[in-house]
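Just so we're aligned: the sequence shown equals residues 32 to 229 in my numbering. Every residue gets a Cβ at the ideal spot worked out from N, C-alpha and C, and that includes glycine. See below for the structure under consideration.
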Amino acid sequence: MWWLFTLGLFGVLGIADRILKNLKKKAFKERKRWENEHKKVEKEILNYEKKIQDKIRKAQSRANFEQLTQLHFESMKVANHAYRLLKDARTALDAIGEAIKTAGIEKNRLIAEKRATHNAHERTQIEQEISALIDLREKLFPDKDELKAQRNHFNNRVKDFNANTRTLKLTIRDKCGNRGRDWYQRLEARTASRRRSG
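So, in structure tokens, the structure goes:
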């Protein structure tokens, strides 16, 4: 339901409009980036998985250090991009969840306010606000569910890809002689250093 974020909702009033604007402010660019890039990156992951598996099979007979390390480097770039997209999806999901919660709280507050007022005009305005909040929530729930399903599927693909990239890294270590072992040790040292520094 990407149109929800780009066009807004027809008939959105007061509180619902503020909630939607806040949602856009918190997660618009992340949601848009996810929508535009996650399928492309998933295709890249599949492509690199095939390359990795092919190179690992071929490495059983002879290992080409340069080709394997280049493939590992490219795979890591794809994985880093994938992790940034997963972070975008988390940001968008959190913002959508917050918007749903806020809309529910405001709806309940307005229902109590409607019960307390005896002014017909105020009751009509409050009913319109309540209706807009209900409409907003009804549109946000399926969008959140769809995004969550996409994120979970993508996350599983990334985990599989990381396992294949790890196998490639071990193949380089085990099949490329001293150069492979040296490369592996330097890579592990850099990784440990990054983890320590945060």
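Open item on the list: Within a Cβ cutoff of 7 Å, which residues of the same chain sit near Arg-225, ignoring the five residues on either side of it in sequence?
Closed with: As a first step, residue 225 must be located in the sequence shown, where it is residue number 194. If we look at Arg-225 and ignore the five residues flanking it on each side, it has no Cβ neighbours.
Open item on the list: Would Arg-188 and Ala-134 be called neighbours here (beta carbons separated by less than 8 Å)?
Closed with: Residue numbering aside, residue 188 sits at position 157 when the sequence shown is read from its first letter. Residue numbering aside, residue 134 sits at position 103 when the sequence shown is read from its first letter. No, these two residues do not count as a Cβ contact at 8 Å.
Open item on the list: Rounding to the nearest angstrom, what Cα-Cα distance links Glu-177 and Lys-60 in this structure?
Closed with: The residue you call residue 177 lines up with position 146 of the sequence shown. The residue you call residue 60 lines up with position 29 of the sequence shown. The straight-line gap from Cα to Cα measures roughly 18 Å.
TODO: Could you tell me whether the segment 50 to 58 touches the segment 111 to 131, using the rule of 3 or more Cβ pairs below 8 Å?
DONE: Result yes; three or more Cβ-Cβ pairs closer than 8 Å.
Open item on the list: On the DSSP letters alone, give me the boundaries of the alpha helix (DSSP H) that Gly-211 sits inside.
Closed with: Here residue 211 refers to the residue found at position 180 when the sequence shown is read from its first residue. In the DSSP assignment, Gly-211 falls within the unbroken alpha helix (DSSP H) covering 208 to 228.
Open item on the list: Just to confirm the assignment, what range does the alpha helix (DSSP H) spanning Thr-148 have?
Closed with: Walking along the sequence shown from the start, residue 148 turns up at place 117. Per DSSP, Thr-148 lies in no alpha helix (DSSP H) and is assigned neither H nor E.
- [ ] Could you tell me which of Lys-63, Arg-146, Leu-102 and Arg-64 sits nearest to Glu-80, measuring between CA atoms?
- [x] By 1-based counting over the sequence shown, the position of residue 80 is 49. Checking every option, the nearest Cα to that of Glu-80 belongs to Leu-102.
Open item on the list: I need the DSSP call for Asn-195, collapsed to helix, strand or coil.
Closed with: Taking the first residue of the sequence shown as 1, we reach residue 195 at position 164. When secondary structure is reduced to three states using DSSP, Asn-195 falls in the helix class.
- [ ] To the nearest angstrom, report how far apart Thr-155 and Glu-137 are at their CA atoms.
- [x] For the purposes of this step, residue 155 is identified with residue 124 of the sequence shown, where counting begins at 1. For the purposes of this step, residue 137 is identified with residue 106 of the sequence shown, where counting begins at 1. When rounded, the distance between both Cα atoms is 16 Å.
TODO: Could you give the DSSP three-state label for Asn-95: helix, strand or coil?
DONE: Taking the sequence shown and counting its residues from 1, the one referred to as residue 95 is at position 64. Three-state result, Asn-95: coil.
Open item on the list: I'd like to confirm something about Ser-228: is its beta-carbon nearer than 7 Å to some heavy atom of the ligand FMN, or not?
Closed with: Only the bare structure without any ligand can be found here, which leaves the ligand FMN out of the picture.
Open item on the list: When you compare the CB positions of Ala-47 and Leu-199, do they come within less than 8 Å of one another, or not?
Closed with: Locating residue 47 in the sequence shown gives position 16, counting from the first residue. Locating residue 199 in the sequence shown gives position 168, counting from the first residue. For the pair Ala-47 and Leu-199, the CB atoms are not nearer than the 8 Å cut-off.
Open item on the list: I'd like the list of long-range same chain contacts for Ser-106, defined as Cβ closer than 6 Å, with 5 residues on each side in sequence excluded.
Closed with: For the purposes of this step, residue 106 is identified with residue 75 of the sequence shown, where counting begins at 1. Correct list, in chain order: Tyr-79 and Thr-196.
Open item on the list: For Asp-213 and Tyr-114, I'd like the C-alpha separation in whole angstroms.
Closed with: On the sequence shown, residue 213 is found 182 positions in, with the first residue counted as 1. On the sequence shown, residue 114 is found 83 positions in, with the first residue counted as 1. Each residue's CA atom was taken as its position, placing Asp-213 and Tyr-114 some 27 Å apart.
Task: Alpha-carbon spacing of Leu-171 relative to Lys-190, whole angstroms - done: Within the sequence shown, numbered from 1, the residue matching residue 171 stands at position 140. Within the sequence shown, numbered from 1, the residue matching residue 190 stands at position 159. Answer to the nearest angstrom: the Cα atoms are 28 Å apart.
- [ ] Look at the alpha carbon of Lys-15 and the alpha carbon of Asp-205, and state the distance between them as a whole number of angstroms.
- [x] The first residue shown for the chain is 32 and the last is 229, placing residue 15 beyond what the model contains.
TODO: Round the Cβ separation of Lys-82 and Ile-127 to the nearest angstrom and send it over; I've been treating them as touching at under 8 Å.
DONE: Taking the sequence shown and counting its residues from 1, one reaches residue 82 at position 51. Taking the sequence shown and counting its residues from 1, one reaches residue 127 at position 96. The pair is not a contact, with the Cβ atoms about 36 Å apart (cut-off 8 Å).
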